[in-house]
Amino acid sequence: MLLKIAYVYDAVYPWVKGGVEKRIREVSVRLADRGHEVHVYGMRCWDGPATIERDGVTLHGVCPGEGLYIDGRRTVAQALRFGKAVLRPLLSSGADVVDCQNFPYFSCFAAKAASVRRGFPLVVTWHEVWGDYWYDYLGRRGVFGKAVERLAAHLTDHHVAVSPSTARALAGLGVAGPVPVVPNGIDLARIAAVAPAAEEWDVIFIGRLIREKNVDLLLRALVPVREEVPDLRALVVGDGPERPALEALARDLGLPVTFAGFLPDYDSVIAVMKASRVFVLPSTREGFGIAALEAMACGVPVVTADHPGNAARDLIVPGVNGFCSGLSAGELGEKICAGLDRAALMRGECLGTAGEYRWEKIVGMVEKYYEEALPHSPPSSGR
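Just so we're aligned, residue 331 is where the sequence shown starts under my numbering, counting upward by one.
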């Protein structure tokens, strides 16, 4: 059954290169290759006409592109403008199914309105559920974010979660379960084709240098690790507002840590990953943890935080492909040492875990879910 599929998200790959943008791009291109007609509705992040075709997918710029963040936080005004702008294009889209990403929420309400008018099923794909984290993010105003999130959770009967953690959190919002999990994927062939970097590292972290990633905890954990591995070499890849404080902390602790900033391209990231022994992700805010999965695809075990806000822990089989740790430097250091000791032994299991997340398999799951969401009558359009 060939379908006309519409994706809704404000930021568009490759002009914005986050995890959500990458998922939409990888899935939409493969669905188009299977014969479906695929459209992506977002901000016009590119120069030129509002509607363009790229890799077999039609991209619609429904409003001018603009910055997503002010002082590290998503702006409500931008989310409202995008939500308003996407309504009319969805009404005239002729889509058989619309897949709207849960964040930044207001576009979900626009997609719901179009769904009611045009009768197509609305799928909301949830990458994270913030819950009480809204109070950390917005202070007292977090009550409004939490309320909007709960309302969005009741717009449709067709929800998809990218991780088991997110599916469980949706149940906490009152979504009738079970919520199907359709995870993010990875391009195993591309990763396999990348050669390791010449310079080798014991411990690597990759991600934005923001408070929730807890890189300061990683640095403190490296102090006892260095007692076991005197010639320890650690690499931090990424940038963000916490970088100056983290560099100062590393100096104060006397640690041999290299801060590389953002690397020039994806292959460079995979190359340094392959040249490392253990990947450490002490984050407490991960909707999926794609970097952890990419590390496993490189044969590198993962040490991550055992925290309910960290979906990367769903990927871990302790002692098999990595370890989960509490949020203390002592315990994290112990798990890093265990990972270093068992890195070579865990390589095969890491590769096996990654093999379950091939994009081709994920796209098959997406395609099946869309077909099941359709009404029993034949689709209204499609190639």
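Quick reminder that beta carbons are idealized off the backbone N, C-alpha and C, glycines included. Computed from a prediction, not measured in an experiment: that's the story for all the values here.
So what does DSSP say about Met603, is it helix, strand or coil? helix
Distance, Cα to Cα, Glu356 vs Val387? Distance between the alpha carbons of Glu356 and Val387 is about 11 Å.
Beta-carbon proximity of Ser655 to Leu662, cut-off 8 Å: Going by C-beta atoms, Ser655 is nearer than 8 Å to Leu662.
Since His488 and Val350 should fall inside the 8 Å C-beta cutoff, what is the C-beta to C-beta distance between them, to a whole number of angstroms? Not confirmed; about 18 Å, so no contact.
Alpha carbon to alpha carbon, how far is Asp426 from Glu702? Give it in angstroms, no decimals. Taken atom to atom, the span from the alpha-carbon of Glu702 to that of Asp426 is near 12 Å.
Taking the C-alpha atoms as reference points, what is the distance between Ala477 and Ala605? 45 Å
Leaving out five residues on either side along the sequence, give the residues of the same chain with a beta carbon under 6 Å from the beta carbon of Ala440. Gly413, Val416 and Leu417
Do you know how far the Cα of Asp462 is from the Cα of Leu518? 36 Å
Backbone secondary structure at Ala641 - three-state DSSP: helix
Following the continuous alpha helix (DSSP H) through Cys393, name the residue where it begins and the one where it ends. Where Cys393 is concerned, there is no enclosing alpha helix (DSSP H), although the beta strand (DSSP E) it sits in stretches over Val387 to Pro394.
Spatial distance of Gly424 from Leu562 (CA atoms): 58 Å
Should Leu611 and Phe535 be called a contact, given that it needs their Cβ atoms to be closer than 8 Å? yes
When you compare only the Cα positions, how much space is there between Pro648 and Asp636? Rounded to whole angstroms, Pro648 and Asp636 show a C-alpha spacing of 11 Å.
Inter-residue spacing [alpha-carbon to alpha-carbon] between Pro394 and Ala673: 48 Å
To the nearest angstrom, how far is it from the Cα of Cys438 to the Cα of Pro379? 25 Å
Cβ separation of Phe618 and Pro513, assumed to be a contact under 8 Å, to the nearest whole Å: 7 Å
So Asp595 packs on Val524, CB below 8 Å; how close in whole Å? Actually they do not touch by this definition, with Cβ atoms about 10 Å apart.
In whole angstroms, give me the CA-to-CA distance for Phe436 and Glu558. 51 Å
What first and last residue would you give for the alpha helix (DSSP H) that runs through Ile521? Leu518 to Ala523
Classify Cys628 as helix, strand or coil using the three-state DSSP reduction. DSSP places Cys628 in coil when its eight states are reduced to three.
Residues in the same chain with beta-carbon distance under 6 Å from Leu681, minus the five sequence neighbours each way, listed in chain order, please. Gly629
Between Arg360 and the rest of its own chain, which residues show a CB-CB distance below 8 Å, the 5 nearest in sequence each way excluded? Trp689, Glu690 and Val693
Given this structure, state the Cα-to-Cα distance separating Ser707 from Lys334, to the nearest angstrom. Any answer about Ser707 is weak, because its pLDDT of 46 lies below 50 and its placement is not dependable; what the coordinates show is given next. So the alpha carbons of these two residues sit roughly 15 Å apart.
Identified DSSP bridge partners for Asp429: Tyr337 and Val453
With a Cβ-Cβ cutoff of 8 Å, do Val633 and Gly660 count as a contact? no
Thr689 - DSSP class collapsed to helix/strand/coil: In the sequence as displayed, the identity of residue 689 is Trp instead of Thr. Three-state result, Trp689: helix.
For Met331, which option in Arg364, Val346 and Ile354 has the closest C-alpha, if you only look at C-alpha atoms? Arg364
Would you identify the three-state DSSP class for Val350, choosing helix, strand or coil? helix
So, using beta-carbon positions, are Met603 and Glu624 closer together than 8 Å? yes
Give me the residue from Ala499, Val555, Val505 and Val545 with the minimum Cα distance to His484. Val505
Mind reading off the beta-carbon distance from Asp569 to Gly591? Whole number of angstroms is fine, and I expect it under 8 Å. 5 Å
From Val553, Thr486, Trp345 and Val473, residue whose alpha carbon lies closest to that of Val446: Thr486
Inter-residue Cα distance where the pair is Tyr343 and Pro560: 42 Å
Helix, strand or coil for Tyr399 per DSSP? In the structure shown, Tyr399 sits in a strand (DSSP, three-state: E or B).
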